[in-house]
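Each step along the sequence shown adds one to the number in the working numbering, with nothing skipped, and position 266 is 296. Note that CB positions come from ideal geometry on N, CA and C, so glycine has one too. What you are looking at is a predicted structure, and each value in this text was computed from that prediction instead of being measured. Shown next, in C-alpha cells, is the structure this report addresses.
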Amino acid sequence: MGLGSSPITFVVAGALLSYILFTRLQLYLARRSFIRQNGCEPCPKRYNKEPLLGWDVVKENIANKNERKMLERNQKRFHDMGVNTFLNKMLYMPMIITCEPENIKTILSLKFKDYSFGNRKHAFGPLLGDGIFNSDGEKWHNSRHLLRPNFARDQIADLEAFDRHFKLMLKHIPRDGSTVDLQNLFFKLTIDSATEFLFNHSTNSLRMSEDDTNNEDAIFARAFQFAQDDIITRLRWNVFNFLRKNKEGEDALKICHAYVDKFVEQAIREHQAEKLAGKPDDDRYVFIKELVKQTNDKERIRNELMNILLAGRDTTASLLSNMFFQIALRPDIWAKLREEVASLEGRLPTYEELRNLKYLKWCLNESLRTHPVVPGNSRFAIKDTVLPLGGGADGKAPLFVNKGTIVAYSPYAMHRRTDFYGPDAEEYKPERWESLRPGWEYLPFNGGPRICLGQQYALTEASFVTVRLLQEFSKIESRDPNGGLWEEGLTLTVCSGNGVQVGLTPA
Ligand code: HEM
Numbered sequence: 031m032g033l034g035s036s037p038i039t040f041v042v043a044g045a046l047l048s049y050i051l052f053t054r055l056q057l058y059l060a061r062r063s064f065i066r067q068n069g070c071e072p073c074p075k076r077y078n079k080e081p082l083l084g085w086d087v088v089k090e091n092i093a094n095k096n097e098r099k100m101l102e103r104n105q106k107r108f109h110d111m112g113v114n115t116f117l118n119k120m121l122y123m124p125m126i127i128t129c130e131p132e133n134i135k136t137i138l139s140l141k142f143k144d145y146s147f148g149n150r151k152h153a154f155g156p157l158l159g160d161g162i163f164n165s166d167g168e169k170w171h172n173s174r175h176l177l178r179p180n181f182a183r184d185q186i187a188d189l190e191a192f193d194r195h196f197k198l199m200l201k202h203i204p205r206d207g208s209t210v211d212l213q214n215l216f217f218k219l220t221i222d223s224a225t226e227f228l229f230n231h232s233t234n235s236l237r238m239s240e241d242d243t244n245n246e247d248a249i250f251a252r253a254f255q256f257a258q259d260d261i262i263t264r265l266r267w268n269v270f271n272f273l274r275k276n277k278e279g280e281d282a283l284k285i286c287h288a289y290v291d292k293f294v295e296q297a298i299r300e301h302q303a304e305k306l307a308g309k310p311d312d313d314r315y316v317f318i319k320e321l322v323k324q325t326n327d328k329e330r331i332r333n334e335l336m337n338i339l340l341a342g343r344d345t346t347a348s349l350l351s352n353m354f355f356q357i358a359l360r361p362d363i364w365a366k367l368r369e370e371v372a373s374l375e376g377r378l379p380t381y382e383e384l385r386n387l388k389y390l391k392w393c394l395n396e397s398l399r400t401h402p403v404v405p406g407n408s409r410f411a412i413k414d415t416v417l418p419l420g421g422g423a424d425g426k427a428p429l430f431v432n433k434g435t436i437v438a439y440s441p442y443a444m445h446r447r448t449d450f451y452g453p454d455a456e457e458y459k460p461e462r463w464e465s466l467r468p469g470w471e472y473l474p475f476n477g478g479p480r481i482c483l484g485q486q487y488a489l490t491e492a493s494f495v496t497v498r499l500l501q502e503f504s505k506i507e508s509r510d511p512n513g514g515l516w517e518e519g520l521t522l523t524v525c526s527g528n529g530v531q532v533g534l535t536p537a
C-alpha cells in the first residue's frame, strides 16, 4: 500500500480539513455578529464589472492616465453612480473608494490603528527606507517623535535663504514679456531651498546653466527625479515588480544615498568637533544639524532626510504651479493681490506680515481646494473594521471593512462636492474663503496623527515666493498652449501637465 492512501494520511487530511472548516466558520460567525453589532449594511454600488481581477478598471485607468484625465474621471465615477462611497477591485485587491469626510476622518483619526500603508512600503522602501513617510506602527512613532520637535518651531523656514534662491530664479524670468515656464522654475527653486534647509548644502540648480549637467549636484537632482518616478512604476507593477529589470533605477538609488551620506557624515563630524570645542549653537536653523544632536545613526538620519525631501519638494512646487496657473488667467486676482502686497512698500515681508496677507491666504487655500497637491491617497485595513457611511441603499448606514481591504480616498473629488462648496465648486474663487470654515471636507494636508509636518514651511515658502513675484511684476499673462484649460500632470503629486507658461511685465 502506498503512503498516499495510508489510513494516517486520511486522518491527517481529515483533521486539516476540519480545522480549516472550523476556523472559517468561526470567522464567518464572528464577522456576522460584528456586522450586526455595528449596524452595517452592504454597499450597493460596485465599479468593476469583471469580478475576479477587475481588469476592466485596470484598462480604464491606463487610458485615463494616458489622456491625463485620471482625476476628472475618478470624480465622475462618484457622480455616475450617485454615491460618495463604492466598491471596486483592481488586480484582485478588494477596494472601497470614498470621498466622504466622515469616512476619511475615521480612517485617519478615529480608527487610525485599524489601518496601515499596505503595499505602498514596498514601492517607496528602496529610496526612503524606514523613514517617517514610509513606516507604520512603532517605527513611524519613533520617526515622528524624532522629527516633530524640529517642525514645531515657529520660524522653521528661513526667509533670507528663500530670498537668495528667489533672486536666482528671477534671473531666469525674461523682462521683455516673452514666455517662461514658471512651473519648471518653481521645481528648481524648491529643490534648491529644500536641500539647503535639510542638508546644509543646496543643489543650486538655479545657479547652473542648461548645459552644466555633469556636476555632483545636477547628477543628484536627476537621480532623485528618476528614483521618485521609479516609485510610481513600482506602485503600478505592484506584486509583479520583481519581473522588471531596472539597472538605471538601482544606479539612481546608489547616487541618491551616497550624496546624502556625505552630508550626514560631515554633519556628525562637525557636531563632534563643536562639542569638543564647546562652541555655541549657530543661529541659523539647519535640519541635519538638529538631527545629529539627537542621534548618530547615519542610516536613520539619511532616511529621514530623504523622506522629508520627497514629502516637501514637489508638493510646494506643485502648489505654486497650480495657483499661478489659475491667477495668470485672472488679471482681477493679480490686481487684488498686488494691492494687498503694496502695504509692504517694496520691503521683504516678515513672518508676521506674510501670515497677515489675507487675500493671498485665500488664493493658496483655493488652489489647494480645486487642485489638492496630493489628490488621492489610501490606507490598508489590518483588521476587520467599520466605516460610518457607505452602507445601505442611501449610503447612510455603516459599512463593514474586511481585513485586507484597501480604502482609497479622494480629496480631489471631495473638494469639488457641490453639497459642501456650492454649485460653483469647480471654479477657482478665492473670495469664497471669506466665509468658508471647512472641517474634514477640506483636507490638503491630511489629518489625524499623520497630518503633514511641513504645512507651515510650505505655506511660508509659497507665500514668500508669491509676494516677491508680485513685487517684481505688475502684470501676468497666461500663454497656456491649451487655452487655459488645466491638464493634469499626475505623479505622486499633481501639477499642470503643460507647465505654467506665462509672460510677465516688470513693475
Ligand atoms: C503644499 C505643500 C504640501 C502638501 C499639500 C503636503 C501634503 C501632505 C499630505 C497629504 C501628507 C500625508 C501623506 C500620507 O500620510 O499618506 C503629508 C505628510 C507629510 N508631509 Fe507634507 N505636504 C506639503 C509640504 C510639505 C513640506 C514642505 C514638508 C517638509 C519640509 C512636508 C513634510 C511632510 C512629512 C514629514 C509628512 C509625513 C508625516 C507622517 O507620516 O507622520 N510636507 N504631507
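For Gln-531, list the residues DSSP reports as bridge partners. Asp-211
How many angstroms separate the CA atom of Leu-212 from the CA atom of Asn-395? 20 angstroms
Grouping DSSP H, G and I as helix and E and B as strand, with all else coil, what is Asn-268? helix
For Lys-106 and Gly-84, I'd like the C-alpha separation in whole angstroms. 18 angstroms
Using a Cβ-based criterion (distance less than 8 angstroms to any ligand heavy atom), does Gly-484 qualify as near ligand 2? Inclusion of ligand 2 in the displayed structure is not the case, the ligand content consisting of ligand 1 alone.
Please report how far the alpha carbon of Trp-470 lies from the alpha carbon of Cys-129, in whole angstroms. 11 angstroms
Can you look up Val-290 in the DSSP assignment and give me helix, strand or coil? helix
Can you check DSSP and say which residues form a bridge with Met-120? Met-123
Once the 5 residues before and after Ser-63 are set aside, which same chain residues still bring their CB inside 6 angstroms of it? none
Please classify Thr-128: does DSSP put it in a helix, a strand, or coil? strand
By alpha-carbon positions, which one of Trp-516, Phe-430, Asn-149 ends up nearest to Leu-265? Asn-149
Residue burial classification, Met-31 (beta-carbon count within 10 angstroms, cutoff 16): Model confidence at Met-31 stands at a pLDDT of 47, short of 50, so the residue's coordinates are unreliable; what they give is reported in the following sentence. Exposed: under 16 other Cβ atoms inside 10 Å.
If you measure between the beta carbons of Leu-374 and Val-497, is that distance less than 9 angstroms? yes
Determine the extent of the beta strand (DSSP E) in which Thr-448 is found, giving its start and end residues. Taken as a continuous stretch (DSSP letters only), Thr-448 belongs to no beta strand (DSSP E), being part of the alpha helix (DSSP H) at 448-451.
Can you have a look at Glu-334 and say buried or exposed, based on whether 16 or more other CB atoms are within 10 angstroms of its CB? buried
Nearer than 8 angstroms: is that true of the beta carbon of Gly-342 relative to any heavy atom of ligand 1? yes
Are the segment 227-243 and the segment 504-523 touching by the rule of at least three beta carbon pairs closer than 8 angstroms? no
Run through the DSSP bridge pairs and tell me what Pro-536 is partnered with. Phe-503
Tell me which residues share the same chain as Phe-539 and place their Cβ nearer than 6 angstroms to its Cβ, disregarding the 5 neighbours each side in the sequence. Examination of residue 539 is not possible in this model, given that the chain is present from 31 through 537 alone.
Can you look up Arg-274 in the DSSP assignment and give me helix, strand or coil? coil
Hey, Leu-349 and Phe-254: beta-carbon distance below 9 angstroms or not? no
Taking the CB atoms as reference points, tell me whether Leu-534 and Glu-502 lie closer together than 9 angstroms. yes
In the DSSP output, what is Thr-325 paired with across the bridge? Partner(s): none; Thr-325 has no beta bridge.
Could you give the distance in angstroms between the alpha-carbon of Tyr-442 and the alpha-carbon of Arg-103? 11 angstroms
For Arg-409, count the other beta carbons within 10 Å of its own beta carbon; 16 or more makes it buried, fewer makes it exposed. Which is it? buried
Touch test, the segment 158-175 against the segment 441-457, Cβ-Cβ under 8 angstroms, three pairs minimum: no
Who does Leu-429 pair with in a DSSP beta bridge? Leu-417
Label Tyr-458 either buried or exposed according to how many other C-beta atoms from any shown protein chain fall within 10 Å of its C-beta, with 16 as the threshold for buried. buried
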